[in-house]
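First the structure, in the form of structure tokens, and then the observations on it.
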Amino acid sequence: WRRVVASPVPKKIIELDAILDLLDDGMIVIAAGGGGIPVIEREDGSLAGAAAVIDKDLASSVLARAAKADVFVVSTAVEKVYVNFKKPDQKALDRVTLADIKKLMEEGHFAPGSMKPKIQAVIEYLEGGGKEALITDPAHLVDAFQGKTGTWIVK
């Protein structure tokens, strides 16, 4: 059986200062991979766990914006973002603007629970001051940074 719980949009990362300090010290930090632990702030300022799940892509976007990341990289199971995914007229996106990706999302090209949250996270990152984002799979990350593959989303 499954228990259905809320999936609120993450607003902030409680341990952000510690993460940023570690980054400033040159450390490799692994954070927001599972989305984080959902908490609510009580009236007295203390935190309490909440029966919810936090989307990892949206949490990563919050972190990327707070860290003023030059590039927001979203790792996924495919080399590129596609419109009409797994259909005869499937088309890979190499480089796309923020305006165009928003339009494609509004047209319903990205599946909820799959590519849509990744696209939403990228949109939030770019609208929050980020410069560019990359969506690709781990196997193609180096090639993507060399401009050979991946989907780059720019303002």
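Numbers 40 to 194, taken from the numbering used here, label the letters of the sequence shown in order. The beta carbon of each residue, even a glycine, is placed where N, CA and C say it ideally should be.
| Asked | Found |
| --- | --- |
| Residue range of the alpha helix (DSSP H) that includes LYS155 | 155-166 |
| Contacting residues, own chain, Cβ-Cβ under 6 Å from ASP63 (five flanking each side not counted) | none |
| Residues of its chain near THR136, where Cβ-Cβ distance is below 8 Å and the 5 sequence neighbours each way are ignored | ILE192, VAL193, LYS194 |
| Cβ contact check for the stretch 73-86 and the stretch 136-154: 3 or more pairs under 8 Å | no |
| Proximity winner among GLU146, VAL120, LYS130, ALA150, relative to THR175 (alpha-carbon distances) | VAL120 |
| Enclosing beta strand (DSSP E) for ALA172 [first to last residue] | 171-175 |
| First and last residue of the uninterrupted beta strand (DSSP E) at ALA87 | 86-88 |
| Proximity of ALA89 and PRO47 at Cβ, strictly below 9 Å | yes |
| Strand pairing of THR190, partner residues [DSSP] | ILE174 |
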